[in-house]
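Trainee: In the numbering used here, each number is its position in the sequence shown, counted from 1, plus 155.
Don't be surprised by glycine CBs; every beta carbon is placed ideally from N, CA and C.
All of these numbers come straight from a predicted model, not from anything done at the bench.
Below: one structure in C-alpha coordinates.
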Amino acid sequence: MFKIYTMIMKLRLRRCKKVGVDEYENQYFVDKKTGSRFCLYYGIPEASKVPAEWHAWLHNASSEIPTNQKKFNWQINHIPNSSGTKFAYTQLNSIRSAISNGVFLVVKKYKSWM
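Take a look at the structure:
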(Lines of atoms letter the chains of each structure in order from A; the text may use other names.)
(Lines give C-alpha, C1' and ligand atoms only; values in the text may rest on other atoms or scores of the structure.)
Protein backbone atom coordinates (compact mmCIF):
# COMPACT_ATOMS: atom_id res chain seq x y z
CA MET A 156 0.00 0.00 0.00
CA PHE A 157 2.78 2.43 0.93
CA LYS A 158 4.67 1.65 -2.29
CA ILE A 159 1.62 2.54 -4.38
CA TYR A 160 1.25 5.84 -2.50
CA THR A 161 4.91 6.76 -3.02
CA MET A 162 4.69 5.90 -6.74
CA ILE A 163 1.64 8.14 -7.15
CA MET A 164 3.30 10.99 -5.26
CA LYS A 165 6.48 10.69 -7.37
CA LEU A 166 4.40 10.90 -10.53
CA ARG A 167 2.50 13.90 -9.19
CA LEU A 168 5.67 15.69 -8.04
CA ARG A 169 7.07 15.54 -11.58
CA ARG A 170 4.50 18.08 -12.73
CA CYS A 171 4.68 20.24 -9.60
CA LYS A 172 6.76 23.21 -8.57
CA LYS A 173 8.19 23.42 -5.05
CA VAL A 174 7.13 26.73 -3.54
CA GLY A 175 8.58 26.71 -0.05
CA VAL A 176 9.42 25.07 3.25
CA ASP A 177 8.22 26.07 6.73
CA GLU A 178 9.97 25.87 10.10
CA TYR A 179 8.78 22.27 10.59
CA GLU A 180 10.37 21.31 7.24
CA ASN A 181 6.99 20.65 5.61
CA GLN A 182 7.28 21.18 1.86
CA TYR A 183 4.67 23.08 -0.17
CA PHE A 184 3.95 22.55 -3.85
CA VAL A 185 1.81 23.93 -6.68
CA ASP A 186 0.60 21.66 -9.46
CA LYS A 187 1.62 23.32 -12.76
CA LYS A 188 -1.28 21.78 -14.66
CA THR A 189 -4.23 22.31 -12.31
CA GLY A 190 -2.90 25.03 -9.99
CA SER A 191 -3.82 23.02 -6.89
CA ARG A 192 -1.71 23.48 -3.78
CA PHE A 193 -0.64 20.78 -1.35
CA CYS A 194 1.79 19.96 1.42
CA LEU A 195 4.15 17.07 2.11
CA TYR A 196 4.56 16.72 5.85
CA TYR A 197 7.95 16.10 7.43
CA GLY A 198 7.72 13.23 9.90
CA ILE A 199 4.29 12.37 11.23
CA PRO A 200 1.53 13.68 8.92
CA GLU A 201 -0.23 16.00 11.36
CA ALA A 202 -2.33 18.81 9.91
CA SER A 203 -1.88 20.98 12.99
CA LYS A 204 1.83 21.29 12.13
CA VAL A 205 0.93 23.70 9.32
CA PRO A 206 1.43 27.34 10.46
CA ALA A 207 -1.38 29.84 9.91
CA GLU A 208 0.30 31.65 7.00
CA TRP A 209 0.81 28.42 5.08
CA HIS A 210 -2.71 27.22 5.95
CA ALA A 211 -4.15 30.39 4.40
CA TRP A 212 -2.00 29.87 1.29
CA LEU A 213 -3.03 26.19 0.97
CA HIS A 214 -6.73 27.11 1.06
CA ASN A 215 -6.32 29.94 -1.49
CA ALA A 216 -7.13 32.62 1.09
CA SER A 217 -3.80 34.25 0.30
CA SER A 218 -1.97 34.44 -3.02
CA GLU A 219 1.34 35.51 -1.46
CA ILE A 220 3.84 32.77 -0.69
CA PRO A 221 4.61 33.04 3.05
CA THR A 222 8.09 33.71 4.36
CA ASN A 223 9.47 32.26 7.58
CA GLN A 224 10.25 35.65 9.07
CA LYS A 225 8.36 37.05 12.05
CA LYS A 226 6.50 40.16 11.05
CA PHE A 227 5.93 41.66 14.49
CA ASN A 228 7.74 41.34 17.81
CA TRP A 229 4.57 40.20 19.62
CA GLN A 230 4.06 37.14 17.37
CA ILE A 231 4.98 33.74 18.82
CA ASN A 232 6.01 30.55 17.06
CA HIS A 233 3.32 28.12 15.95
CA ILE A 234 2.82 25.10 18.27
CA PRO A 235 1.25 21.88 16.89
CA ASN A 236 -1.69 20.26 18.66
CA SER A 237 -0.52 18.17 21.64
CA SER A 238 -3.79 16.36 22.44
CA GLY A 239 -3.26 12.71 23.26
CA THR A 240 0.33 13.22 24.34
CA LYS A 241 1.92 13.72 27.74
CA PHE A 242 2.21 17.43 26.90
CA ALA A 243 -1.57 17.88 26.58
CA TYR A 244 -3.16 20.52 28.78
CA THR A 245 -5.09 19.34 31.84
CA GLN A 246 -6.90 21.56 34.30
CA LEU A 247 -5.46 21.83 37.77
CA ASN A 248 -8.25 20.03 39.67
CA SER A 249 -9.23 17.49 37.02
CA ILE A 250 -9.10 13.74 37.57
CA ARG A 251 -6.55 13.28 34.77
CA SER A 252 -4.29 15.89 36.35
CA ALA A 253 -4.54 14.19 39.74
CA ILE A 254 -3.75 10.78 38.29
CA SER A 255 -0.76 12.06 36.32
CA ASN A 256 0.60 13.77 39.46
CA GLY A 257 0.18 10.62 41.56
CA VAL A 258 -2.56 12.06 43.78
CA PHE A 259 -5.38 9.72 44.70
CA LEU A 260 -8.77 11.33 45.00
CA VAL A 261 -11.29 10.28 47.60
CA VAL A 262 -14.68 10.31 45.94
CA LYS A 263 -17.66 10.45 48.25
CA LYS A 264 -20.80 8.58 47.34
CA TYR A 265 -23.55 10.88 46.15
CA LYS A 266 -26.36 11.44 48.65
CA SER A 267 -29.72 12.39 47.30
CA TRP A 268 -31.23 15.52 48.86
CA MET A 269 -34.71 14.01 48.77
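Determine the contact status of ARG297 and LYS188, defining contact as a CB-CB distance below 8 Å.
Mentor: Look at the range of the chain in this structure, 156 to 269, and you will see that residue 297 is not part of it.
Trainee: Does the separation of the CB atoms of TRP209 and ASP177 fall below 8 Å?
Mentor: Within the sequence shown, the letter at position 54 stands for residue 209. Within the sequence shown, the letter at position 22 stands for residue 177. Yes, the Cβ-Cβ distance between TRP209 and ASP177 is below 8 Å.
Trainee: Please classify ARG167: does DSSP put it in a helix, a strand, or coil?
Mentor: By 1-based counting over the sequence shown, the position of residue 167 is 12. Of the three classes helix, strand and coil, the one that applies to ARG167 here is helix, per DSSP.
Trainee: Mind pulling the alpha helix (DSSP H) runs of 4 or more residues that sit fully within the stretch 204-230?
Mentor: You should have 207-213.
Trainee: With a 10 Å radius around its C-beta and 16 neighbouring C-beta atoms as the bar for buried, classify TYR183 as buried or exposed.
Mentor: For the purposes of this step, residue 183 is taken as the residue at position 28 of the sequence shown. Buried is the call here.
Trainee: In the structure shown, what three-state DSSP assignment does LYS173 receive?
Mentor: To locate residue 173, count along the sequence shown from 1; it is residue 18. If DSSP states are grouped into helix, strand and coil, LYS173 belongs with the strands.
Trainee: Can we count ASP177 as close to the ligand NAP, meaning its CB is less than 7 Å from some heavy atom?
Mentor: Ligands in the displayed structure: none, and consequently the ligand NAP is not present.
Trainee: I'd like to know if the stretch 188-205 and the stretch 228-236 are in contact, where contact means that at least 3 CB-CB pairs between them fall below 8 Å.
Mentor: Yes, the stretch 188-205 is in contact with the stretch 228-236.
Trainee: Alpha carbon to alpha carbon, what distance is there between THR222 and LYS165?
Mentor: The sequence position of residue 165 within the sequence shown is 10, counting from 1. The sequence position of residue 222 within the sequence shown is 67, counting from 1. Distance between the alpha carbons of LYS165 and THR222 is about 26 Å.
Trainee: Report the rounded CA-to-CA distance for SER218 versus THR240, giving the unit in angstroms.
Mentor: As a first step, residue 218 is located in the sequence shown; it is residue number 63 there, counting from the start. As a first step, residue 240 is located in the sequence shown; it is residue number 85 there, counting from the start. When rounded, the distance between both Cα atoms is 35 Å.
Trainee: Given LYS172, which residues of its chain have a CB within under 7 Å of its CB, disregarding the five upstream and five downstream residues?
Mentor: Residue numbering aside, residue 172 sits at position 17 when the sequence shown is read from its first letter. Excluding positions up to five away in sequence, the list reads PHE184, VAL185, LYS187.
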